[in-house]
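Note that the sequence shown covers residues 1 to 180 in UniProt numbering.
Here a beta-carbon is modelled for each residue, glycine too, at the ideal position from N, C-alpha and C.
Keep in mind the model is a prediction, meaning the values are calculated, not measured.
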Amino acid sequence: MTPAEQLTHWVKKKYEGRLLKSTYKPYFIHLQFVAEQAGKATNLGYEIGLCHDIFEDLAITPGELIATLIGFGYADSEAGHIAACVQELTDFFTAAAYPGLGKKERKEREAARLATISPAAQTVKYCDLIYNIDWVMQYDREHAKKYLKRKQQLVIDMVKGDESLRQKALQLIWNSLGEI
1 MTPAEQLTHW
11 VKKKYEGRLL
21 KSTYKPYFIH
31 LQFVAEQAGK
41 ATNLGYEIGL
51 CHDIFEDLAI
61 TPGELIATLI
71 GFGYADSEAG
81 HIAACVQELT
91 DFFTAAAYPG
101 LGKKERKERE
111 AARLATISPA
121 AQTVKYCDLI
131 YNIDWVMQYD
141 REHAKKYLKR
151 KQQLVIDMVK
161 GDESLRQKAL
171 QLIWNSLGEI
């Protein structure tokens, strides 16, 4: 198996039993979508996309991810880049880390932080948003308008990633706002 195939198998196993909110679909399909889209647009985008939620969702540290990637055959520099991008995509302004900040303030700070992350990480974030927007429109229309407005501003501010994916995300937001 190639390193990417080994990583795919490992991530799928780690997420076994987890479902997408409000569905009976495996959470892994979200990760696979993000990975496949990002993989076409940026170096190691497949791997970053596959792992983009792993630090938030699972008890895995950046060091453990790096060691796992190296074990699968990735070079040290590749493993470091993947883990660094996943770290950039991991929520920083959480309620646990910043109990003194309200939800609105945390979301604003997180959005400002995401505007500064690397081009590769922003590219993966666009793919994540594209999937999540479709999910919101299918399963959470009640909150869709507020969500879409917030994500529209985020994508407008995130200008370093793959431009075609950025435009795709913006177009999806605009089309979705038009449906509400």
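> If you draw a straight line from the C-alpha of residue 26 to the C-alpha of residue 113, how long is it?
Replying inline: 29 Å
> Three-state secondary structure (DSSP) at residue 101?
Replying inline: coil
> How would you label residue 159, buried or exposed, when you count the other beta carbons within 10 angstroms and need 16 or more for buried?
Replying inline: exposed
> Going by DSSP, what residues sit across from residue 19 in a beta bridge?
Replying inline: 26
> Does the segment 77-89 touch the segment 59-69, meaning 3 or more C-beta pairs lie closer than 8 Å?
Replying inline: yes
> Between residue 49 and residue 66, is the Cβ-Cβ spacing less than 8 Å?
Replying inline: no
>> Taking the alpha helix (DSSP H) that residue 52 belongs to, which residues open and close that run?
In response: Counting along the chain, residue 52 falls outside any alpha helix (DSSP H), and DSSP gives it neither H nor E.
> CB residue 130 to CB residue 97, shorter than 8 Å?
Replying inline: no
>> Measuring straight from C-alpha to C-alpha, what distance separates residue 6 and residue 95?
In response: 34 Å
> Tell me which same chain residues have a C-beta within less than 6 Å of the C-beta of residue 3, skipping the five on either side of it?
Replying inline: 72, 73, 74
>> Residues in the same chain with beta-carbon distance under 8 Å from residue 69, minus the five sequence neighbours each way, listed in chain order, please.
In response: 3, 7, 47, 78, 79, 82, 83
> With a cut-off of 8 Å, do at least 3 Cβ pairs link the segment 28-41 to the segment 12-20?
Replying inline: yes
> Between which two residues does the alpha helix (DSSP H) carrying residue 141 extend?
Replying inline: That residue, residue 141, is in no alpha helix (DSSP H); it is neither H nor E in DSSP.
>> Once DSSP output is grouped into helix, strand and coil, what is the label at residue 147?
In response: helix
> What whole-angstrom Cβ distance do residue 155 and residue 34 have, given they're in contact under 8 Å?
Replying inline: In fact, because the Cβ distance is near 15 Å, the residues do not count as touching under 8 Å.
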